Structure formats: structure tokens, C-alpha cells
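Trainee:
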Amino acid sequence: MATRVLVVDDAKFMRHLLKNILVEMGWEVVGEAADGNEACEMYKSLSPDVVTMDIVMPNTNGIDALKRIREFDPDAKIVMISAIDQREPLMDALKHGAADYVVKPFEKERVEEALHRVVAG
Numbered sequence: 216m217a218t219r220v221l222v223v224d225d226a227k228f229m230r231h232l233l234k235n236i237l238v239e240m241g242w243e244v245v246g247e248a249a250d251g252n253e254a255c256e257m258y259k260s261l262s263p264d265v266v267t268m269d270i271v272m273p274n275t276n277g278i279d280a281l282k283r284i285r286e287f288d289p290d291a292k293i294v295m296i297s298a299i300d301q302r303e304p305l306m307d308a309l310k311h312g313a314a315d316y317v318v319k320p321f322e323k324e325r326v327e328e329a330l331h332r333v334v335a336g
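If you want it as C-alpha cells, here you go:
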């Protein structure tokens with residue numbers, strides 16, 4: 216059975232880019248969310264195996280969404296996707312249970328490596 220992923224990013228092109236990488240990996244993108252509120256609702260209804268989560272988004276940012284999802288499911292596997300100048304928020308995300316992170320602009324191999332490591336535990 217394919218690993219099920221929820222892709223969360225306010226930029227449609229970034230969701231598309233991540234989706235293409237995931238599909239190439241043989242994984243299934245079960246949902247796409249454009250902000251943290253959508254991500255939390257979709258997580259509850261879809262129960263994905265892993266989430267890719269942007270940090271800077273409108274309405275609810277990725278760190279607040281991470282906290283809400285981890286309250287709902289302490290075992291949630293979330294990989295943060297962040298711009299290079301967001302070191303402090305990344306450390307905050309890791310402190311609140313993010314499983315790993317990938318810095319934008321990213322290499323396809325780095326995304327694959329992070330996701331495989333997170334899913335493997």
C-alpha cells in the first residue's frame with residue numbers, strides 16, 4: 216500500500232512540485248491544503264501517513280497547524296518545508312514535534328530522503 220501524504224503550502228506551484236515528487240516516489244497524495252486551518256481539518260478526515268507543511272501561510276501558519284495536529288494525533292509525522300531564512304521557526308517546529316524539515320529551494324533527493332526517513336521511523 217502506498218504511503219499517504221497531505222501536502223500543505225499556500226503556493227499552488229509548490230504543492231504541484233511536491234505532488235510530482237511524491238507521485239514519482241510511488242506515494243499517494245490524499246489531499247492538498249493552502250493554509251493551516253485546511254490542513255488541520257483535512258488531517259482529521261484523511262488520516263495521512265505523513266504531512267509536508269509550509270511554515271509561512273495565511274490564516275493559520277504551519278507551526279500553529281503542527282501544534283494542533285499533534286494535539287489531535289501525538290504520533291503525526293510532519294515534515295516542515297521552509298525558506299532558507301526561517302531558521303528560528305524551524306527550530307520551534309522541531310521543538311513542537313516536527314519529524315524533519317526541508318529548506319526551499321530544495322533538491323528532489325532531499326525531499327525523498329527526509330520523507331523516507333520519517334516514514335521509516
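Using our numbering, the letters of the sequence shown map in sequence onto residues 216 to 336.
Every residue, glycine too, gets a C-beta built ideally from N, C-alpha and C.
Nothing here was measured: the structure is a model prediction, and the numbers come from that model.
#1: Quick check: the Cα distance between G241 and M229, rounded to an integer number of angstroms?
#2: By Cβ distance, which residues of its chain are closer than 6 Å to E243, with the 5 residues on each side in sequence left out?
#3: Whose C-beta lies closer than 7 Å to the C-beta of A314 among residues of the same chain, with five residues either side of it excluded?
#4: Given Y258, which residues of its chain have a CB within under 8 Å of its CB, disregarding the five upstream and five downstream residues?
#5: Enumerated in chain order, which unbroken segments of the beta strand (DSSP E) with a length of 3 residues or greater are wholly contained in the segment 229 to 300?
Mentor: According to the structure data:
#1: 19 Å
#2: A217 and R219
#3: K292, I293, V294 and V333
#4: L221, V266, I284, F287, D288 and A291
#5: 243 to 248, 265 to 269 and 293 to 298
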